[in-house]
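**Student:** Take a look at the following structure, please.
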Amino acid sequence: MSCKARHAALRRKAVRHLSAADPAMGAVIARVGRCAWQGRTDHTHFGYVLRCIVYQQLSGKAAATIFARVQAMYGDALPTPDQILKTPVPKLRAAGLSERKVEYAKELAARVKSGELPLEKLDAMSDDAVIESLVAVRGIGRWTAQMVMMFHLGRPDVFPELDLGVQKGVQKLLKMRKLPTPERMTVIGARWAPYRSVATWYLWRSLDVPE
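The structure is reproduced here in structure tokens:
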């Protein structure tokens, strides 16, 4: 079975499980419709983490433009750690990266090249180990590490409790007066295991559909 087919089967299984385990989530699934969570990308591990750094605190359109400029410097390909380390700071800044993001990109590349951050081993690591490894790099927090797991490594049971959109989705789902705290989010999210990545996708989309 191809990777694409495996993920399609996983989505179907997740939707069935979530609908049966939680009627409220089942109602959201019915309103939103077909699940389009992909879970995997064609990026290299380094390329995807670098992309996450570029996308931080920017609109999707602006970030995509900047990341395309970065790739253009390397023949429209994903750069390697060596290439990022050899690229002068002014050249990266000219692509649209802030001074701080250039620092983060350089540190990421240095840690990967030195072996401090063994990105090639991410697929074999536990979720906790992935987070611990990534957050050791300046500019990468828990949320970013969770996005890497959900949308690049294809982990099906990740729940980004710090994400404002997910918090709003839970607030809407449970008709809460206030946004749930991260601690409360963790407790609530447990009901959707082992498919919390798919539940998260539906919570995000639920904000865009009427009741």
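Each residue of the sequence shown is one higher than the one before, starting from 0 at the first, in numbering that gives the first Met the number 0. All residues carry an ideal CB built from backbone N, CA and C; glycine is no exception.
1) If you check the beta carbons only, do Ala108 and Val129 fall under 8 Å apart?
2) Assuming Tyr103 contacts Gly138 under a Cβ cut-off of 8 Å, what Cβ separation, rounded to an integer in Å, is found between them?
3) So, using beta-carbon positions, are Asp156 and Tyr194 closer together than 8 Å?
4) Would DSSP call Arg137 helix, strand or coil?
5) Which residue's Cα is closest to the Cα of Val186: Asp207, Pro78, Lys12 and Leu161?
6) Between the Cα of Ser113 and the Cα atoms of Ala123, Ala20, Lys90 and Asp81, which residue gives the shortest distance?
7) Within 10 angstroms of its Cβ, does Thr199 collect 16 or more other Cβ (buried), or is it exposed?
8) For the alpha helix (DSSP H) that Ala62 lies in, which residues bound it at each end?
9) Cys51 to Trp36, Cα distance in whole Å?
10) Looking at the strands, I want to know which residues DSSP matches up with Arg211.
11) Run through DSSP, which three-state label would Glu106 get?
12) Whether or not the region 145-155 and the region 37-49 are in contact is what I'm after, with contact meaning three or more pairs of Cβ atoms, one per stretch, closer than 8 Å; do they touch?
13) In whole angstroms, what is the alpha-carbon distance linking Met24 and Pro159?
14) Kindly give me the distance between the Cβ atoms of Val136 and Leu121, rounded to whole angstroms, as I take these residues to be in contact under 8 Å.
**Tutor:** In terms of the structure at hand:
1) The residue you call residue 108 lines up with position 109 of the sequence shown. The residue you call residue 129 lines up with position 130 of the sequence shown. No, the pair does not count as a contact, with Cβ atoms beyond the cut-off.
2) Counting from one through the sequence shown, the residue named residue 103 turns up at place 104. Counting from one through the sequence shown, the residue named residue 138 turns up at place 139. Tyr103 to Gly138, Cβ: 3 Å. Contact.
3) For this step, residue 156 is matched to residue 157 along the sequence shown. For this step, residue 194 is matched to residue 195 along the sequence shown. In contact: Asp156 and Tyr194 (Cβ atoms closer than 8 Å).
4) Counting from 1 along the sequence shown, the entry for residue 137 is found at position 138. DSSP places Arg137 outside both helix and strand once states are collapsed to three, so it counts as coil.
5) Indexing the sequence shown from 1 puts residue 186 at position 187. Selected option, being the one with the closest Cα: Leu161.
6) Start at 1 with the first residue of the sequence shown, and residue 113 comes out as number 114. The shortest C-alpha separation from Ser113 is found at Asp81.
7) Counting from 1 along the sequence shown, the entry for residue 199 is found at position 200. Buried, because 16 or more other Cβ atoms sit within 10 Å of the Cβ of Thr199.
8) Here residue 62 refers to the residue found at position 63 of the sequence shown. Gly59 to Ala71 is the extent of the alpha helix (DSSP H) around Ala62.
9) Here residue 51 is taken as the residue at index 52 of the sequence shown, counted from 1. Here residue 36 is taken as the residue at index 37 of the sequence shown, counted from 1. Approximately 17 Å, taken between the alpha carbons.
10) The shown model of the chain, from 0 to 210, leaves out residue 211, and the question about it has no answer.
11) Residue mapping note: residue 106 aligns to position 107 of the sequence shown, counting from 1. Three-state DSSP puts Glu106 in a helix.
12) yes
13) Translated into the one-based positions of the sequence shown, residue 24 becomes position 25. Translated into the one-based positions of the sequence shown, residue 159 becomes position 160. If you take the alpha carbons of Met24 and Pro159, they lie about 17 Å apart.
14) As a working note, residue 136 is residue 137 in the sequence shown. As a working note, residue 121 is residue 122 in the sequence shown. Incorrect: roughly 13 Å between the Cβ atoms, too far for contact.
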